[in-house]
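Written below as structure tokens is the structure these notes are about.
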Amino acid sequence: MAPWLLSAAVTLLQLLPETAVAQDVASPFTKASNDSLLWGPYRPNLYFGVRPRLPKSVLTGLLWAKVEDFASVQNNFRYTCEQHEGMAGYGWDAYDPRTGGSQTIHDAGNQIDVTTDFVKFPDHGSNGGSWGARIRGVPREDASDDLKTTMIFNIAVEGLGSLVVDNAEEEDNENGFDGDVVITGETPELGTFTVTIVDRKGEKPNHVHPSFQEKPIDRTLVHSVQIPEAALWQAKPVLFSSMKNSLDKYIETYTAEAMPPPMQAFTIPNAPGAGNMHFVQKVFEGAFEFDVIFSSGSGPKPIQSADLSEKIDATIKSFSERFIQSFKPQKPFNDKKYTGLAKSLFSNLIGGIGYFHGDSVVDRSYAPEYEEENEGFWQETAEARARNQQKLEGPYELFTGTPSRPFFPRGFLWDEGFHLLPIIDWDVDLTLQIIKSWFNLMDDDGWIGREQILGPEARSKVPQEFQTQYPHYANPPTLFFVIHSFLDKIAAAKSGQQILGSENANGVLANPDAALQYLRDLYPLLKKHYEWFRKTQAGDLKSYDRPAFSKKEGYRWRGSTKTHLLTSGLDDYPRPQPPHPGELHVDLMSWMGMMTRAMKRIATTLTETDDASTYAKIENAIIRNLDDLHWSADEQAYCDATVDEYEEHALVCHKGYISLSPFFAGLLAPDHPHLGEVLDLISSPEHLWSPHGIRSLSQQDALYGTEENYWRSPVWLPINYLVVKELLNTASATGPHQKRAAKMYTELRKNLVDTVYKSWEKTGFAWEQYNPETGEGQRTQHFTGWTSLVVKIMAMPEVPSVKAGSGHDEL
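The sequence shown lines up with residues -22 to -1, 1 to 789 when you count with mature numbering (1 follows the signal peptide of the UniProt record, and there is no 0).
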């Protein structure tokens, strides 16, 4: 293939996902911008796994274990991120998707701290450039100085392409490599390349077991295999299979009682050559360091370790300087300890971005039961789901952030909007590519699956009962928060302001036409998605006597059961019982209001005058109907609605996050007649206020803290972030609640940051949720998705003192 044609092909593959080529008319992103994002640790389910953002291409991963005793080796072999695996914390200390960064893994179980430095050379070659990784290990304080550790680098190639150990014939095929290992490869998108594994520092074992006279492990072993493509992601089982062959031979030769030491026994046969998967194994005593260097064949010359050293230092320095400009913690969080927290959480958020490609499990039977029109519908839908009419669709691809590398290494629609709120302040173009990647998954009706579990590797982390996606199920449309942020940045750029996230000199915001073109290309997809919501999640306002300003604007989540409403994102949060087809959900109404406001802003920006007028009318109707349909004068709160035994409109109040949804969705003006009561609910210790953040459910609710207790008491950062943001907006605008909002903002902001910081300092992890009584992190560990919003909270300004008389309420 000619070089210019190869370059064009790789650019096309980056810009036009194979599942939605027809939807992409033009791209505002430059080739340089795409090249700098081609490679990355886009296998976030692994402790360290690099791949390009291409459907079928090169996969790499890192495996390691302490090899000092036979009993613990197999259980302590690290590869995929797992919860409670003996880690004292791990993650990126500094990371920028365009340049690279540094990750530290505190492996207490294996008594070693492993650092993986990863840097990119996007200009080194025409096919996405080159990259390098430096792997370093330092025994922990409780380890011996000569701790035995085996390190294994794995590389594989999917689809069309080749990999072969280039210098296999020059080495001792029985005992391994004494110098560098060089693997050459080629794929249609990447062209030719070399992967070189370079020893730098570290002692190799030179002990000889009395009953084992073979040569000691002081060389690098390489094992090349050809396996079915479907198994390439299962490097660990393939490795164990190779090791078992060696172990079986040792047992046969020496017996189980006279085995060689574990560092020798748990090795792969040295068999370098051609194959679609290769393992490169090194065994060290004590501290060590080695490099993995990927050099594009289109570059002027191969990358060297010296280039890597220089690039690592520059990358980490650049990240630290830029981070302070983008997310400098403001008072009272300007202490260095808070900066360390902020850098860690943001680095792990943006370092958790992954590229996924594969098929998806979807039920498109459109069974009549899924219309949920009858009383008892949740039983009918359960029976329809039990018919197992799901099928595999795709393949699809997705470029996305992930909530948690060990537990949720896949795409979640409503999480992603929260993920991108900090990321857009760092890199606007990256954010826009991720948004487009999500909308390229949309089907002809306007549906986007709420969980993107693409391919068998992703499905391996998901119980089977949760794998199927249903085209009538929605999720909160939080990506529209990010659209709001993008519109803010466009407006600021037009006024000549310095914009966070626009450091890329050739980025979209540097060219107003490119920014508008992106919106124009995306607008039809946004409209289709919006109309899908209005159609499929519409509530019934006509069959029952419901006094409301509008007979159209009322909404109901589909997917209710008697115990859960997963589609709302709030899983086990209490809802009207039993579920009824006449329900109306206040949180969905609020999300629709936020979504409508975003559509109005986009239409206005694109001078789609008629559309803007239509959206303005819908927005007004939603705001009016929130009060007409969901405000309870008795409870002084916004509540879900249902239909009573007389088929009349009735409110069911479980005070908590859904009661705050009109506020945190930005739909309550500073002088709104019910804003005071909403602030009362937020600030009440008897209901939602805690020293560690806003509880998900009122302490006065009979269901507080019961059963699964997932969204029935804990403090969650995404909702708390939205509350903090709206308190700041209220405190910054003249109105009757300005002074009160300012005080609440100041206190809540401090409570949240201190809660996350103390738990992080104690455990080494960010957590999925926090205990409202103790502040302890709980549920999923290493939850560096939306919990990382604390970075934006720290960067928010102190509220200036409000002048006397500007707000008349008292605290």
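Think of the CB as a built atom: it goes at the ideal place given N, C-alpha and C, for glycine as much as any other residue. The structure displayed is predicted, hence computed values, not measured ones.
| Check | Outcome |
| --- | --- |
| Any idea if I302 is buried or exposed, counting beta-carbon neighbours within 10 angstroms, 16 or more meaning buried? | exposed |
| Out of L544, Y496, E435 and F511, point me to the one whose CA is closest to M572's CA. | F511 |
| Compare the Cα-Cα distances from N326 to each of A121, L500 and D74 and report the closest residue. | D74 |
| Give me the Cα-Cα distance between D2 and N418, rounded to the nearest whole angstrom. | Here the model assigns D2 a pLDDT of 41, short of 50, so the residue's position is not dependable, and the following value carries that caveat. Going from the Cα of D2 to the Cα of N418 covers about 8 Å. |
| Quick check: what's the CA-CA separation for E361 versus Y348? | 10 Å |
| Extract the residue ranges of the alpha helix (DSSP H) inside the region 368 to 415, only unbroken runs of 4 or more that lie entirely within it. | 391 to 401 |
| Would a C-beta distance cut-off of 9 Å place I90 and V51 closer than the cut-off? | no |
| Compute the beta-carbon to beta-carbon distance between P559 and N352, rounded to the nearest angstrom, for a pair I have assumed lies under 8 Å. | 7 Å |
| Kindly indicate the opening and closing residues of the alpha helix (DSSP H) around K214. | A213 to Y232 |
| At 4 residues or longer, what runs of the alpha helix (DSSP H) sit wholly inside the region 36 to 74? | 48 to 51 |
| Can you give the Cα-Cα distance for F377 and G18, rounded to whole angstroms? | 11 Å |
| How many angstroms separate the CA atom of P206 from the CA atom of N132? | 16 Å |
| Buried or exposed, going by whether 16 or more other CB atoms sit within 10 Å of the CB of R342? | exposed |
| By the three-class DSSP mapping on this structure, what secondary structure does residue 791 have? | In the structure displayed, the chain extends from -22 to 789; residue 791 sits before or after that span and is not available. |
| State the DSSP-derived secondary structure class of F7, mapped to helix, strand or coil. | coil |
| Please state if the CB of D158 and the CB of G763 are separated by a distance shorter than 9 Å. | no |
| How long is the line joining the alpha carbons of I175 and G39, rounded to whole angstroms? | 13 Å |
| Given that a residue counts as buried once 16 or more other Cβ atoms are within 10 Å of its Cβ, and exposed if not, what is S546? | buried |
| Please name the residue, chosen from E531, M221 and E181, that lies closest to A594 on a Cα-to-Cα basis. | E531 |
| Taking the alpha-carbon of R757 as reference, which of Y522, E704, L544 and W689 has the nearest alpha-carbon? | W689 |
| Measuring alpha carbon to alpha carbon, tell me which residue in Q747, N707, L562 and T8 is nearest L629. | L562 |
| Whole angstroms is fine: what's the gap from I660's alpha carbon to W667's? | 6 Å |
| Can you tell me the Cα-Cα spacing of H627 and V564, whole angstroms? | 14 Å |
| Could you give the uninterrupted runs of the beta strand (DSSP E) lying entirely in the region 608 to 654, keeping only those of 3 residues or more? | 618 to 621 and 627 to 630 |
| By the three-class DSSP mapping on this structure, what secondary structure does G433 have? | helix |
| Where does the unbroken beta strand (DSSP E) through G571 begin, and where does it stop? | Run containing G571: none in the beta strand (DSSP E); it sits in the alpha helix (DSSP H), V564 to T583. |
| In this structure, does DSSP put P778 in helix, strand or coil? | coil |
| Excluding the five sequence neighbours on either side, which residues of its own chain have a C-beta within less than 8 Å of the C-beta of P240, listed in chain order? | V45, E46, D47, F48, V51 and K126 |
| By alpha-carbon positions, which one of F527, D679, Q759 and D549 ends up nearest to L604? | F527 |
| Just list the alpha helix (DSSP H) runs in the region 724 to 785, keeping only unbroken ones of 4 residues or longer that don't cross its boundaries, in chain order. | 768 to 773 |
| With DSSP as the reference, label G336 as helix, strand or coil. | strand |
| Could you tell me the alpha carbon to alpha carbon distance between I83 and Y228, rounded to whole angstroms? | 33 Å |
| How many Å lie between residue 790 and G332 at the Cα? | Residue 790 cannot be examined here, being either before or after the span of the chain that is shown, -22 to 789. |
| Who are the Cβ neighbours of P434 in its own chain at under 8 Å, not counting the five residues just before and after it? | A208, W211 and G336 |
| Tell me, please, which residues DSSP counts as bridged to M255. | A134 and V203 |
| Give the single residue among S202, D285 and Y232 whose Cα lies nearest to the Cα of M255. | S202 |
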